[in-house]
Amino acid sequence: MLQIPFIRDNKERIIANLAKRNIDATEMISEVINLDEARRTTQAQLDNTLAEANSLSKEIGNLYKSGETQKANILKEKSGQLKELSKELTETLNEKSEALSQLLYKIPNVPNDSVPAGSTEDDNEEIFRAGDIPTLYDGAVPHWEIAKKYDIIDFELGNKITGAGFPVYKGKGARLQRALIAYFLDKNTAAGYTEYQLPLMVNEASGYGTGQLPDKEGQMYHVTADNLYLIPTAEVPGTNIFRDVVLNESDLPIGITGYTPCFRREAGSYGAHVRGLNRLHQFDKVEILRVEHPENSYKALDGMVDHVKSILEDLKLPYRILRLCGGDLGFTSALTFDFEVFSTAQDRWLEISSVSNFETFQANRLKLRFKNKEGKNELAHTLNGSSLALPRVLAGILENYQTEKGIVIPDALVPYTGFSIID
RNA sequence: GGAGAAUUGGCAGAGUGGUCGAAUGCGGCAGUCUUGAAAACUGUUGAGGGUCACACCUCCGGGGGUUCGAAUCCCUCAUUCUCCGCCA
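Residue numbers (the numbering used here): 4 to 426.
Have a look at this one:
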């Protein structure tokens, strides 16, 4: 959520940069400003009314004390009128505030100046590429066939137990999953991130805190009996650690990592591109999150990018990094770098990590602040990234490491799997 | 799930209808003293809205109510603790 004073002061810049998301925010922005003005006017009227009522109450109290009941009763009547007036004003105020926050919830974060304009993923800007795309043997196949061939992932069984998008990993497949999780967590904690194990369901306030609500209402599984949501990413419980928190400046930066399953309804996505592990309702992910001083957040973002790079280099997977264009940028993000692994057998790039700086957009909703040098509370910056999302890394490994003899496990993972080939 | 108790500023903790945005202690910050530090002493120190700045308004777990007036009384929800029940 954008801050109102920021909107007031940066109207043109906001509109110009939101245009990169293909949004014409002119009307919304001026409506925000109008509503805010109306809100403030009403607030001032209400304040004055309440001030009058307060002093009247004091007077009445004094009159009672001195036994002047008659006079007190006269003032009581006046007080009743003020009460009525304040009720009306409160109602107006609530309406304005509600309308204002509803509107603010709908305005996405302002893209960073470096974000290219564009509407689809084709407009994303490739900024880095590394790793060799292997030449596969003649019998190479996509991962869903590999999974069947070696009996390591059973999609049909998942269909039976739950439904499409809930695969069952077995044997070496399950072990490989566990190995990846352990390896990622070790890698992250070695880089200074503190490991957390987080709730897999969150309440409504947390959903709003990180911006999934109301924007992605329909994309989360909702446990209606208790009004809880299954997390679509560890970002939600992880970032909400800091909801309504005032940190000391010396607490910054904070880095945390956690493994969680993620649940996404993925309403509306069907077709060949969602085959196998490419798009699931339940998948595993290890996440990294940072809380940073506003001055350092972009440096921290680069640090996160380097960290994810080092993981992919350990795994020796061919990958590229994209700077997302405005149209592809998430609602809450100011700047996002996507990592994609090349799936040789599918002949396409698969997104495996998304590293973003949210600046104060989440912090404003969360009320995540720190006491700055002047002793004032200032919004912190939040960042997060996947390191990494499991299914597509798994797909990448299965497809890029397939040989006639079987799937060769990347050296970095062997200590975790306890085996070096799936055959 | 049942019964009881509780929820106050960064923390601890007083406050049961008006003079309470709230005693006191700890912590934080600034100063005195000191070569420096510690100790001691002095001052200062919640958040949000509003204003050029004041004024002023709101906030004592959340929401609602009673009252001229609520941290204080009532209702409701959440959370915590104790006891009972159930249970991986």
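Just so it is clear, CB atoms sit at the ideal spot from N, CA and C, and this is done for glycine as well. Bear in mind that the values here come from a model prediction, so they are computed numbers and not experimental data.
Q) Of all the beta strand (DSSP E) runs that stay within the bounds of the region 319–357, which reach a length of 3 or more residues? A) 322–326, 338–346
Q | Delimiting residues of the alpha helix (DSSP H) encompassing lysine 374 | A | No alpha helix (DSSP H) contains lysine 374, which is instead part of the beta strand (DSSP E) from 371–374.
Q. Nearest CA to the CA of threonine 95: which residue from Ala303, Gln84, Leu38?
A. Leu38
Q) Pairing CB atoms from the region 174–188 with CB atoms from the region 139–157, are three or more of them under 8 Å? A) Touching, yes, given that three or more Cβ pairs across the two stretches are closer than 8 Å.
Q | Extent of the continuous alpha helix (DSSP H) to which glutamate 30 belongs | A | 29–68
Q: Report all residues from its chain with a CB closer than 7 Å to the CB of alanine 392; omit the five preceding and five following residues, and keep chain order.
A: Phe286, Lys288, Ile355, Ser356
Q.
Less than 8 Å between the beta carbons of proline 235 and glutamine 215, yes or no?
A. yes
Q | Cβ neighbour criterion (16 or more within 10 Å) applied to arginine 43 | A | exposed
Q. Who are the near neighbours of aspartate 426 in its chain, counting only those whose CB is closer than 8 Å to its CB and skipping five residues on each side?
A. Same-chain partners within the cutoff: Tyr153, Lys408, Gly409, Ile410.
Q) In chain order, what residues of the same chain lie with their CB nearer than 7 Å to the CB of glutamate 295, ignoring the 5 residues before and after it? A) Leu255, Pro256, Ala303, Ala383, His384, Leu386
Q: For aspartate 218, name the three-state secondary structure that DSSP assigns.
A: Correct three-state label for aspartate 218: coil.
Q) Can you give the Cα-Cα distance for valine 308 and serine 389, rounded to whole angstroms? A) 10 Å
(Q) Could you tell me which whole beta strand (DSSP E) segments of length 3 or greater appear in the region 198–264? (A) Within the region 198–264, complete beta strand (DSSP E) segments of at least 3 residues are found at 231–233, 248–251, given in chain order.
Q: Give the secondary structure of glutamine 405 by DSSP, where H, G and I count as helix, E and B as strand, and everything else as coil.
A: In this structure, glutamine 405 counts as strand in the three-state DSSP scheme.
Q: Tell me whether the beta-carbon of proline 111 lies closer than 8 Å to the beta-carbon of arginine 326.
A: no
Q.
Give the list of continuous beta strand (DSSP E) stretches no shorter than 3 residues that lie fully inside the region 114–154.
A. Fully enclosed beta strand (DSSP E) runs of 3 or longer: 128–133.
Q. Should histidine 146 and alanine 398 be called a contact, given that it needs their Cβ atoms to be closer than 8 Å?
A. yes
Q. In terms of residue numbering, what span does the beta strand (DSSP E) encompassing glycine 388 cover?
A. Boundaries of the beta strand (DSSP E) harbouring glycine 388: 384–392, taken from the DSSP string.
Q: Would you check if the distance between the CB atom of threonine 242 and the CB atom of threonine 213 is smaller than 8 Å?
A: yes
Q) Taking DSSP as the reference, what is the three-state secondary structure of aspartate 426? A) coil
Q | Beta-carbon gap between arginine 372 and glutamate 381 smaller than 8 Å | A | yes
Q. DSSP beta-bridge partners for arginine 293?
A. Gly258, Leu386
Q) At which residues does the alpha helix (DSSP H) containing valine 417 begin and terminate? A) 417–420 is the span of the alpha helix (DSSP H), which, as asked, contains valine 417.
Q) Relative to the C-alpha of alanine 56, which residue among Lys74, Asp27, Glu80 is closest? A) Glu80
**Q.** Under the three-state DSSP convention, the category asparagine 472 falls into
**A.** Residue 472 lies beyond the residue range present for the chain, which begins at 4 and ends at 426; the question has no answer from this structure.
Q: For the alpha helix (DSSP H) containing tyrosine 196, list its first residue and its last residue.
A: Where tyrosine 196 is concerned, there is no enclosing alpha helix (DSSP H), because DSSP gives it neither an H nor an E.
Q.
From the DSSP secondary-structure annotation, give me the bridge partner or partners of phenylalanine 187.
A. DSSP, once it has assigned bridges, lists no residue as partnering phenylalanine 187.
Q | Delimiting residues of the alpha helix (DSSP H) encompassing proline 8 | A | 7–12
Q.
I need the boundaries of the alpha helix (DSSP H) containing isoleucine 164, first residue and last residue.
A. 158–164
Q) Between the Cα of proline 217 and the Cα atoms of Phe334, Lys23, Asn115, which residue gives the shortest distance? A) Phe334
(Q) Could you compute how far the alpha carbon of glutamine 84 sits from the alpha carbon of lysine 61? (A) 16 Å
Q. Quick one: is glutamine 405 buried, meaning 16 or more other Cβ sit within 10 Å of its Cβ, or exposed?
A. buried
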